[in-house]
Structure formats: C-alpha cells, structure tokens
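Just so you know, we're using full-length UniProt numbering here: the sequence shown kicks off at 1 and counts up by one.
Even glycine gets a Cβ: it sits at the ideal position worked out from N, Cα and C.
Step one of this worksheet: look at the structure below.
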Amino acid sequence: MVSPALALLRFTAFCLWTLLLVPPYLMLRVISHRVAARFVVAYWRGVMRLIGFEVVAHGAPAAALGPVLFVANHASYLDIIVLGGLIPACFIAKAEVAGWPGFGFLARLARTVFVDRRPAATARERDGIRRRLEHGDSLILFAEGTSNDGNGVLPFKSALLSVAEAALPAAGGAEQPLPVQPVSLAYTRLDGLPLGRAFRPYFAWYGDMTLAGHLFRALGLGRVTIEVMFHPPTTLAAFPSRKDLASHCHAQVAGGVATLLAGRA
C-alpha cells in the first residue's frame, strides 16, 4: 500500500517548494507580519496539494477584528499543515518542537510560540503569549497537550487555556475578552474510501513512533481527505471558570470529531 517512489517524490516536491518560498517569506516578514501570515497560509496550501491532502472545511475561522484563540484536537504533526492552510495564525507548541529536524526550522520561521510547560515558567510563558496577542497574532492551541491515535479526543488541559484569560485592548481604552473558537479535525478518507480505525495510525503520530518513518509512510499513500469543523466562538467570560471553558471546548471538539469520523458532517 505504501509506495516508496511516491513518498520520495512528494518529499522532494515539499523540500523544493519550501526552498522556493522561504526567501520571499523572509522579505515579507520585514515588511508586514500580517501579509507574511497570509503568505504562510498559501505556503501550507501548496504543501497540501503536493503531498496529496484534500481538506474539507465545515464552517470558517472566526472573522474577528482582533486576535482569536483556536482550540483544536491533535492527532499528528500533519495537523499543522492542515490548520496552517486554513487559518492565518501562529501555533503554540511545546519547546521540544523547536529541535525537531525540519519541522522545528519551519515552526521557527512561522513564528510558532514555544512554551516551557514546567510550573516555574508558567508566568513567563503567559506574559509572552499575551504580548503576541496584543501584537495582533491569532494563536492555535492543541489543548490535549499531546497527540493521540486519531480515533477520539483526549481530555483538555485547562492550564493550557490560561491564555484565554487575556483581555485585549478595545476602542475607547476599554478591554474585550479574547474570542475562543473550538476546532475539530479528523482524517476521514483515503482515495475516496472511509479511513477505518486500523489505518488512522498511518496519519496519527503518537506513542513511540519515529518521525522519519511515520512521515515516509504517510507520504507514500494515496490522496487523503481531512475534514475540519469550526464551532461557534465563545469567550472565558461566558463560563464560571477556565475548567468550564475547557470542558465546553472539549465537548464541542469531541462531538465534531465523532461526527466527522461517522461521515455525518
């Protein structure tokens, strides 16, 4: 089922596409972060076409006048390609990602927010994320804190949603709560046929899977359909606590994933 020739062809195309677009992207970073963010979306959409990803979106990212926090489930590093091609936003990732071969370099180029999850670093990381929001950057958070097998959604860590406590400047000197939009993502079809439980590990990356081996297998398969569902945005102000917001987002995302996997979207 896995074609080594196809995997090599796609990987080569991905590398060439990246080398071609990095120089103009760096120039745009100097001119305008907002334009550069749109350029990153175009880059990831090009990657999707080159590696055989077809993305079906249900709904759309919140059209807010300011930054938005997108809260999504996480099956694989491939989720970055999918969501990066739909949302002009920066990812929040654990600090270890910065050292990953290839993907760490791309993450740094895309202005990913790397966070140290040790308790002693919580205040510093929260302040850094707040500065990014005040600068106008929308952020994408994988609230499970890790990836899974793609067949469900792990509990959300409410501590990761501390960024939702940020209040952003509004007109007249007032402050407005940060919009939070839950997002469901599922790998649903391979060459048009439903992608069953046994085949999702070809795209979900978890446990002790190696990055290189997993990427080679994923690129060597046919055309993959990934479905993304955008749920109605909300804010922390609508809930008694951060844990209640996390529970709400988890219910929305988990329900969306179940709907997508069942083919009922």
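Cβ shell of His74 (< 6 Å), same chain only, five flanking positions each side left out: Phe142, Glu144 and Ser147
For Val2, which residues from the same chain have a beta carbon less than 7 Å from its beta carbon, with the 5 sequence-adjacent residues on both sides left out? Arg217, Gly220 and Leu221
State buried or exposed for Asp208, treating a residue as buried only when at least 16 other CB atoms are found within 10 Å of its CB. exposed
Who are the Cβ neighbours of Leu86 in its own chain at under 8 Å, not counting the five residues just before and after it? Val41, Val55, Ala57, Pro61 and Val228
What are the boundary residues of the alpha helix (DSSP H) that includes Ser241? Ser241 -> no alpha helix (DSSP H), and no H or E assigned at all.
Within this structure, are the beta carbons of Cys249 and Pro182 separated by less than 7 Å? yes
On a Cα-Cα basis, can you pick out the residue from Pro67, Ala238 and His214 that is closest to Ala7? His214
Might you give, ordered along the chain, the residues of its own chain that have their beta carbon closer than 7 Å to the beta carbon of Leu260, omitting 5 neighbours on each side? Ser184, Ala186, Thr188, Glu227 and Met229
Thinking C-alpha only, which one of Phe14, Pro240, Phe156 and Val113 is nearest Glu96? Val113
CB Val153 to CB Val253, shorter than 7 Å? yes
Take Thr225 as the anchor and find which of Gly196, Ser241 and Ala251 has the nearest alpha-carbon. Gly196
Would you please state the rounded distance, in angstroms, between the beta carbons of Leu168 and Leu160? I believe it to be under 8 Å. With a Cβ gap of about 19 Å, Leu168 and Leu160 do not count as contacting.
Under the rule that 16 or more other beta-carbon atoms within 10 Å means buried, what is His231, buried or exposed? buried
DSSP on residue 276, reduced to helix/strand/coil? One cannot answer for residue 276 here, as it falls past the ends of the chain, which runs 1 to 265.
Pull up the distance between the alpha-carbon of Pro88 and that of Phe14, whole angstroms please. 20 Å
Report all residues from its chain with a CB closer than 6 Å to the CB of Leu21; omit the five preceding and five following residues, and keep chain order. Tyr43
Terminal residues of the beta strand (DSSP E) in which Phe105 lies: It is not in any beta strand (DSSP E) - Phe105 instead sits in the alpha helix (DSSP H) that spans Phe103 to Leu109.
Which residue from Leu139, Gly150 and Asp191 puts its Cα closest to that of Val180? Leu139
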